[in-house]
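Quick mapping for you: the protein sequence lines, in order, are chains A and B. All residue numbers for the first sequence refer to full-length UniProt numbering, where the first residue is 1 and numbers rise by one. All residue numbers for the second sequence refer to full-length UniProt numbering, where the first residue is 1 and numbers rise by one. Note that beta-carbon positions come from the ideal geometry of N, C-alpha and C, so glycine has one too.
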Amino acid sequence: MLDTTALESFPSLISHGINVAGEISAPPSFQLPNSNDFDGFVKETIQMVKPAKGTTTLAFIFKEGVMVAADSRASMGGYISSHSVKKIIEINPYMLGTMAGGAADCQFWHRNLGIKCRLHELANKRRISVTGASKLLANILYSYRGMGLSVGTMIAGWDETGPGLYYVDSEGGRLKGNRFSVGSGSPYAYGVLDSGYKYDMSVEEASELARRAIYHATFRDGASGGVASVYYVGPTGWKKLSGDDVGELHYHYNPVTPSTVEQEMVEAAGP
Amino acid sequence: MARYDRAITVFSPDGHLFQVEYALEAVRKGNAAVGVRGIDNVVLGVEKKSTAKLQDSRSVRKIVNLDDHIALACAGLKADARVLINRARVECQSHRLTVEDPCTVEYITRHIAGLQQKYTQSGGVRPFGLSTLIVGFDPYTGSPSLYQTDPSGTFSAWKANATGRNSNSIREFLEKNFKETSGQETVKLAIRALLEVVESGGKNIEVAVMTKEHGLRQLEEAEIDAIVAEIEAEKAAAEAAKKAPLKDT
Numbered sequence: 001m002l003d004t005t006a007l008e009s010f011p012s013l014i015s016h017g018i019n020v021a022g023e024i025s026a027p028p029s030f031q032l033p034n035s036n037d038f039d040g041f042v043k044e045t046i047q048m049v050k051p052a053k054g055t056t057t058l059a060f061i062f063k064e065g066v067m068v069a070a071d072s073r074a075s076m077g078g079y080i081s082s083h084s085v086k087k088i089i090e091i092n093p094y095m096l097g098t099m100a101g102g103a104a105d106c107q108f109w110h111r112n113l114g115i116k117c118r119l120h121e122l123a124n125k126r127r128i129s130v131t132g133a134s135k136l137l138a139n140i141l142y143s144y145r146g147m148g149l150s151v152g153t154m155i156a157g158w159d160e161t162g163p164g165l166y167y168v169d170s171e172g173g174r175l176k177g178n179r180f181s182v183g184s185g186s187p188y189a190y191g192v193l194d195s196g197y198k199y200d201m202s203v204e205e206a207s208e209l210a211r212r213a214i215y216h217a218t219f220r221d222g223a224s225g226g227v228a229s230v231y232y233v234g235p236t237g238w239k240k241l242s243g244d245d246v247g248e249l250h251y252h253y254n255p256v257t258p259s260t261v262e263q264e265m266v267e268a269a270g271p
Numbered sequence: 001m002a003r004y005d006r007a008i009t010v011f012s013p014d015g016h017l018f019q020v021e022y023a024l025e026a027v028r029k030g031n032a033a034v035g036v037r038g039i040d041n042v043v044l045g046v047e048k049k050s051t052a053k054l055q056d057s058r059s060v061r062k063i064v065n066l067d068d069h070i071a072l073a074c075a076g077l078k079a080d081a082r083v084l085i086n087r088a089r090v091e092c093q094s095h096r097l098t099v100e101d102p103c104t105v106e107y108i109t110r111h112i113a114g115l116q117q118k119y120t121q122s123g124g125v126r127p128f129g130l131s132t133l134i135v136g137f138d139p140y141t142g143s144p145s146l147y148q149t150d151p152s153g154t155f156s157a158w159k160a161n162a163t164g165r166n167s168n169s170i171r172e173f174l175e176k177n178f179k180e181t182s183g184q185e186t187v188k189l190a191i192r193a194l195l196e197v198v199e200s201g202g203k204n205i206e207v208a209v210m211t212k213e214h215g216l217r218q219l220e221e222a223e224i225d226a227i228v229a230e231i232e233a234e235k236a237a238a239e240a241a242k243k244a245p246l247k248d249t
């Protein structure tokens, strides 16, 4: 049975704030834990979750659509707990979300967003726009503000108005933009992405740029690694283009050529 | 029968919800309202009972805006209308806030009908005593629409419809005379329909036209008088034309 408790409680503050008699009622809330220092407790919770934004995700809009890429490493402090985390979440056939922050939070709320998008389609006989979908998610995250959710996500999709890209986070922020990178490896990814970006790229050029940006971030950032996945969102929906191990990518970008001295030594050593 | 009209949550043995039917009676006693959908516009017309001399007629607007691109006229209890209109206006803005887009006419009609239905299935409340005619333009396709809701909470789309007093006669007239029209022709058709049951004159009718470019525009009394005069002239000419051939034979 589908657990609907999380679905019903925080749809949007305004419509739920008005009851049958037309008055504004108190905002929804749940029981708080008993503790002497609640603020300290909340701060501790947030600190516990913070290291989990060890990741590199990026997305950008270009002439042909939206390119979305991410690494696949999960780390717990210094321990690499997994190299095969799916950080690009398929909300529906024409919308993708990226994961940075708490894995459970991102996965659950993206799934929930997928449900809401489908319900919108059924009720209104038309697909929801990327603007609308990102707004729904941002409103939900805003209503949980301060309660310890950790979500730094990008919603990328293609709707009637063309390609759309929004950054949404658990502080309740929502930004529309053409280029975003989220996670501990984002500064490195931005360096490569910003210097190589051109609006008029082809799909191949854009996917190569995305892959290279993730590779460079995994090279320098200890909390990013594993597999660099690249997805493309076009007018007919999303498609996964590549998933390359960054270790192998390293030698692809930096091929080993033996130097002349070494080569002579090898020959001199003989069979 | 008398036992089943107090608590509305109770069905009668033969499947009636009496409170809902009584609400429909209240609608039937309200002012006539007519809506006609054209190719590029939608027209709403409402019967205006003669205002008292000291009353400021501008405060008694019967055709109201729900949003820039949606308007509503109703027949029935005006106080209930005020409450329902306020809730609908809030919902239009709430929709703009949550999905950053204006709502479609169908969406807000569904919301209003849903509200009306909720009050037929709750304890301690009575249904809203009004039927509404909702008109507007779809923000995505740009096509005009006309919807009607009633106290039971049902709604449907119409090419032309009437509600309130004598709505059956108006609907009959519309069924006989409806054709796809645009611009001024649609306005004339709506006024002709309303004149079937209302004494002619600009001061007994309130008319508003909604277009995609200009939104809702209330017609001035003088404008309405001019159109009414045109209609009367056309009627007279038609009468004369009918009589003339008879004379020859």
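Segment limits, beta strand (DSSP E) that includes S229/A: Numbered from its first residue, the first sequence carries residue 229/A at position 229. Start and end: V227 to G234.
Taking D101/B as the query, report the chain A residues whose CB atoms sit under 8 Å from its CB, ordered along the chain. Walking along the second sequence from the start, residue 101/B turns up at place 101. Neighbours of D101/B on chain A, chain order: S129, T131 and G132.
Could you give the residue range of the beta strand (DSSP E) that holds F180/A? Here residue 180/A is taken as the residue at index 180 of the first sequence, counted from 1. Per DSSP, F180/A belongs to the beta strand (DSSP E) from R179 to V182.
Cβ neighbour criterion (16 or more within 10 Å) applied to M67/A: Walking along the first sequence from the start, residue 67/A turns up at place 67. The residue in question, M67/A, is buried, as its Cβ has 16 or more Cβ neighbours within 10 Å.
Would you say L136/A lies against chain B (beta-carbon separation less than 8 Å)? Working through the first sequence from its first residue, we reach residue 136/A at position 136. It does: the Cβ of L136/A has a partner Cβ on chain B nearer than 8 Å.
Could you tell me the alpha carbon to alpha carbon distance between L249/A and A206/A, rounded to whole angstroms? Here the question's residue 249/A lines up with position 249 in the first sequence. Here the question's residue 206/A lines up with position 206 in the first sequence. So the two alpha carbons sit approximately 17 Å from each other.
For A223/A, which option in G65/A, Y215/A and I80/A has the closest C-alpha, if you only look at C-alpha atoms? Within the first sequence, the letter at position 223 stands for residue 223/A. Ranking the options by Cα distance to A223/A, first place goes to I80/A.
Looking at the structure shown, is V10/B part of a helix, part of a strand, or coil, going by DSSP? Along the second sequence, read from residue 1 onward, the residue named residue 10/B stands at position 10. Three-state result, V10/B: coil.
For Y107/B and chain A, any beta-carbon pair shorter than 8 Å? Taking the first residue of the second sequence as position 1, residue 107/B is located at position 107. Taking Cβ atoms only, chain A reaches closer than 8 Å to Y107/B, which makes this a yes.
With contact counted as at least three CB pairs below 8 Å, one residue from each stretch, are the stretch 13-27 of chain B and the stretch 143-163 of chain B in contact? yes
Quick check on Q19/B: buried or exposed, where buried means 16 or more other Cβ atoms within 10 Å of its Cβ? Within the second sequence, residue 19/B is the residue found at index 19, counting from 1. Q19/B is buried by the Cβ-count criterion.
Mark D56/B as exposed unless 16 or more other C-beta atoms lie within 10 angstroms of its C-beta, in which case mark it buried. Taking the first residue of the second sequence as position 1, residue 56/B is located at position 56. Result: exposed.
Short CB-CB distance (under 8 Å) between E232/B and chain A: Residue mapping note: residue 232/B aligns to position 232 of the second sequence, counting from 1. So no, E232/B is outside the interface.
What do you reckon, are the CB atoms on V46/B and I70/B nearer than 8 Å? Position 46 of the second sequence, counting from 1, holds the residue named residue 46/B. Position 70 of the second sequence, counting from 1, holds the residue named residue 70/B. In this structure, I70/B does not lie closer than 8 Å to V46/B by Cβ.
Under the assumption that G38/B contacts S182/B (Cβ atoms under 8 Å), give the Cβ distance between them as a whole number of angstroms. Looking up residue 38/B in the second sequence gives position 38. Looking up residue 182/B in the second sequence gives position 182. About 5 Å separates the two Cβ atoms, so the contact holds.
Proximal chain A residues relative to T120/B, where beta-carbon distance stays under 7 Å: Reading the second sequence from its first residue, position 120 is the one you call residue 120/B. Near T120/B there are no residues of chain A at all, since even the closest Cβ is about 13 Å away, more than 7 Å.
Residue nearest to G177/A in terms of C-alpha spacing, selected from G196/A, G185/A and G157/A: The sequence position of residue 177/A within the first sequence is 177, counting from 1. Answer by Cα proximity: G157/A.
Is it the case that the stretch 99-111 of chain B contacts the stretch 131-144 of chain A, given that we only count it when at least three CB pairs across the two stretches are under 8 Å? Judged by pairs of C-beta atoms under 8 Å, the stretch 131-144 of chain A touches the stretch 99-111 of chain B, as three or more such pairs exist.
Chain B contacts from the stretch 99-126 of chain A (Cβ-Cβ distance under 9 Å): H120, A123, N124, K125 and R126
M147/A - DSSP class collapsed to helix/strand/coil: Numbered from its first residue, the first sequence carries residue 147/A at position 147. Looking at M147/A - three-state DSSP - the assignment turns out to be coil, as it is neither helix nor strand.
Give the list of continuous alpha helix (DSSP H) stretches no shorter than 4 residues that lie fully inside the stretch 104-147 of chain A. 130-143
With DSSP run on the structure shown, which of helix, strand or coil describes N92/A? Here the question's residue 92/A lines up with position 92 in the first sequence. Reduced to three states, the DSSP call for N92/A is strand.
Does any residue of chain A have a CB that is nearer than 8 Å to the CB of T163/B? Your numbering for residue 163/B matches position 163 in the second sequence. No, T163/B does not count as interfacial toward chain A.
Closer than 8 Å by beta-carbon distance: list the chain B residues that pair up with N139/A, in chain order. Working through the first sequence from its first residue, we reach residue 139/A at position 139. Neighbours of N139/A on chain B, chain order: T98.
Consult DSSP for D245/A and reduce its assignment to one of helix, strand or coil. Taking the first sequence and counting its residues from 1, the one referred to as residue 245/A is at position 245. In this structure, D245/A counts as strand in the three-state DSSP scheme.
Nearest chain A C-beta to T104/B closer than 8 Å, yes or no? The count along the second sequence starts at 1 and reaches residue 104/B at position 104. Look at T104/B: its C-beta is under 8 Å from a C-beta on chain A.
Please indicate yes or no: does the CB of G114/A lie closer than 7 Å to some heavy atom of the ligand ADP? Of ligands this structure carries none, so the ligand ADP is not represented either.
Can the beta-carbon of A189/A be found closer than 8 Å to that of L96/A? Walking along the first sequence from the start, residue 189/A turns up at place 189. Walking along the first sequence from the start, residue 96/A turns up at place 96. The answer is no: Cβ separation not under 8 Å.
Using the Cα positions of D80/B and G129/B, report the straight-line distance between them to the nearest angstrom. The residue you call residue 80/B lines up with position 80 of the second sequence. The residue you call residue 129/B lines up with position 129 of the second sequence. Each residue's alpha carbon lies about 7 Å from the other.
If you check the beta carbons only, do A33/B and A75/B fall under 8 Å apart? As a first step, residue 33/B must be located in the second sequence, where it is residue number 33. As a first step, residue 75/B must be located in the second sequence, where it is residue number 75. A Cβ-Cβ contact shorter than 8 Å links A33/B with A75/B.
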